[in-house]
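Protein chains in written order, with our numbering: chain A, 186 to 521; chain B, 217 to 617.
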């Protein structure tokens, strides 16, 4: 087991995304993941060998997504835990099917005075009765993160230099994005948005039953300039919008379906009239007008921070200028 | 500088066995205290909001089944969202069997209360107000249940919504009654929904009073089985202030009751006065569309006996002067676009006079209009089948008190 975990870690280092470090001792408390109740502290889980340094414990594997969700420019540290003796199952390009007892861990950090300041760690726990999403708030001393079911706000400065009131979501807001057909589900670890190298390492480590078909499709965000424009834009929309804008999710009633696999032009907004956008439409008639980003509701709602207009509605306080530029370019170059 | 501005809550598990009451009072930390109560409530619990004004900076949400949120009256307990910084609505409900009663929301940045996939919900004596009056910068919907089965809105009061005051979308088994919708673009709107009863409401000073729409391209379509009865629909004369792009932005100022598309709608025993474009309007969907599942025409719409005065005297229509001259200074109270099966689209009770645009093609605008009186419209059938229309009876039991 120790050997396999080391292999996973080493393989990650090869992807260039993660700094390889020797897997330290320490183990995850599986009962805390699976037992009923809301653990008060992040340390109770034992996910980290060194939590302030975000050094994962044994069996906890860091990962990155090809195209990530924008969160005000936060540095995001993602980890997955699959319980000993169990395996995740590949499901084609879709979400890895993680067994009960698994956990997804994501820490949000910003630079402060030249150092990394941990703000919050969100955990998703796969219990026998389904997934549970909980937010943990780091203390000023950076020694512990405590459960914050009602969320919180922090004043901070983003990497772009914007002073914002950063919102830590409350437990219900977790479900606004993670809800699908009434259940809480993970969003991020879809095979299509994970690298072949990482997935292979997970298979080698015994955490995943097989290499998923159709993995690693979404462009790597930092390489979007050289990627196919449509793929980059649709990948961005899939990751940033489609957890709500899809059937069965929070924005299902809009009829807008921005999932990667959706091929119906009307469903992804082309020539589609708004339903319940209100002033969010910004005076425009259609979600996407090919060749005309300035007339497209999609771009308009991405370009503002005004509550009631801004999209996504939660999870960010600033405009994702890079994402907006990409989506605008996609619309601009779209044939009418 | 990163600074913790709000204390985080620490909570252990331990589910209570019996329903509990959680009392919340306004004051410091109301946002967190109230949101915490909404998260930690157990099914059957009641959250009681003491009288006063709650200053809220973020949207609230409830995701626990069977919870009652009760204030000290729609003028006593006010959730004030004037300084709201985030979220798309004031309160979001995503759980079933919830009762919301006796409190108000003011100035939410987006929608007021949205309940989505929240079956068997009761809104009782809820007020949602944009205090600056009609403005396109106001939120879209005041009371906004969507994709739900079993909805009872009773005694609500909504004003200032830049789309619809009370909007029910993509839902089934609905009652909206005893409510006041004032100075919204649409007072009450039933959209892509079935089995809706809209009765004993007051709709006034809206652009359009009561709208029953069925639109294409949505997950739930096939609206119908709707009764609009015993409502007071008067002086809906506020110029349309909806942001362009939304379907209600096309509603003409001075529309009383408007039916667009839909199958089986009964409009009767309403009092309509001072609706200068058209007291009652029955039309097909106005835009072109590409959705094979969708029927854009009105079917089996019955306009029964209604008491109508002062309608159609100042229509917001192209060629209004000519129309008024042609009809002797005031348009007949019922306007039909002429689209749909002539033998079954529209049934009209004796004594209700109407006119038609005589359009021949759906989605092609008004260019081909050849206005003339409605003649030989079939009369209402003896009986309008009402079975299954309205909210489930069990929801009534949560009223009172």
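Note that the Cβ used here is the ideal one computed from N, Cα and C, for glycine as well.
These numbers come from a predicted model, not from an experiment.
- Of the residues A:215, A:278 and A:337, the one whose Cα lies closest to the Cα of residue 270 of chain A is A:215.
- For the 8 angstroms CB-CB criterion, residue 420 of chain B and residue 401 of chain B do not form a contact.
- For residue 505 of chain A against residue 255 of chain A, the beta-carbon gap comes to about 4 angstroms, under 8 angstroms, which counts as contact.
- Neighbours of residue 304 of chain B in chain A, taken as residues at a C-beta separation under 7 angstroms, are given in chain order as 493 and 498.
- Of the residues assessed, residue 431 of chain B falls on the buried side of the cut-off, its CB having 16 or more other CB atoms within 10 angstroms.
- A Cβ-Cβ distance of about 12 angstroms is found for the pair residue 308 of chain A and residue 333 of chain A, leaving them out of contact under the 8 angstroms criterion.
- For residue 425 of chain A, the uninterrupted alpha helix (DSSP H) segment begins and ends at 414-425.
- If you check the CB distance, residue 273 of chain B and residue 251 of chain B do not come in under 8 angstroms.
- The Cβ atoms of residue 498 of chain B and residue 475 of chain B lie closer than 8 angstroms to each other.
- Here residue 409 of chain B is buried, its C-beta having at least 16 other C-beta atoms within 10 Å.
- Where residue 537 of chain B is concerned, there is no enclosing beta strand (DSSP E), although the alpha helix (DSSP H) around it starts and stops at 536-542.
- Counting only runs of 4+ residues, the alpha helix (DSSP H) found wholly inside the segment 458-545 of chain B occupies 536-542, in chain order.
- Taking 8 angstroms as the cut-off, the beta carbon of residue 457 of chain A is found closer than this to the beta carbon of residue 472 of chain A.
- Under the Cβ distance rule, residue 350 of chain A counts among the residues neighbouring chain B, one pair being separated by less than 8 angstroms.
- Below 8 angstroms, too few C-beta pairs join the segment 432-444 of chain A and the segment 346-357 of chain B to call them touching: fewer than three.
- When the Cα atoms are used, residue 376 of chain A and residue 275 of chain A turn out to be separated by approximately 8 angstroms.
- Within the same chain, Cβ atoms closer than 7 angstroms to the Cβ of residue 372 of chain A are found at 362, 363 and 428, the five residues on either side in sequence being excluded.
- Take the alpha-carbon of residue 434 of chain B and the one of residue 491 of chain A: they are about 26 angstroms apart.
- A distance below 7 angstroms between beta-carbons, with the five flanking residues on each side excluded, links residue 608 of chain B to the following residues of its chain, in chain order: 336, 366 and 389.
- DSSP places residue 237 of chain B in the uninterrupted beta strand (DSSP E) bounded by 237-240.
- When Cβ-Cβ separations below 8 angstroms define contact, residue 388 of chain B makes no contact with chain A.
- For the C-beta of residue 327 of chain A, not a single chain B residue is nearer than 7 angstroms; the gap to the nearest is close to 11 angstroms.
- At a cut-off of 8 angstroms between C-beta atoms, residue 301 of chain A does not count as an interface residue with respect to chain B.
- Fewer than three pairs of CB atoms, one per stretch, sit closer than 8 angstroms, so the segment 504-513 of chain B makes no contact with the segment 464-471 of chain B.
- Residues of chain A whose Cβ lies closer than 8 angstroms to the Cβ of residue 353 of chain B are, in chain order, 464.
- Residue 305 of chain B carries a strand assignment under DSSP once its states are collapsed to helix, strand and coil.
- Here residue 513 of chain A has 478 and 484 as same chain residues with Cβ atoms under 6 angstroms from its own Cβ, once five neighbours each way along the sequence are excluded.
- Apart from sequence neighbours up to five positions away, the residues of its chain that approach residue 338 of chain B with a beta-carbon distance below 6 angstroms are 315, 368, 611 and 614, ordered along the chain.
- If only uninterrupted beta strand (DSSP E) runs of at least 3 residues are considered, those enclosed by the segment 330-403 of chain A are 330-332, 337-342 and 348-353.
- In terms of beta-carbon proximity, residue 391 of chain B stays away from the interface with chain A, with every pair separated by 8 angstroms or more.
- Taking a cut-off of 8 angstroms for Cβ pairs, the segment 319-328 of chain A and the segment 239-253 of chain B do not touch, as fewer than three such pairs fall below it.
- Under the DSSP assignment, residue 325 of chain B falls outside any beta strand (DSSP E); it carries neither an H nor an E label.
- For residue 385 of chain B, a Cβ of chain A is located within less than 8 angstroms of the residue's own Cβ.
- In the three-state reduction of the DSSP assignment, residue 371 of chain B falls in the coil class, being assigned neither a helical nor a strand state.
- Taking C-alpha positions only, residue 328 of chain B is separated from residue 289 of chain A by approximately 33 angstroms.
- Neighbourhood of residue 451 of chain A in chain B, by CB distance below 9 angstroms: 433, 506 and 507, in chain order.
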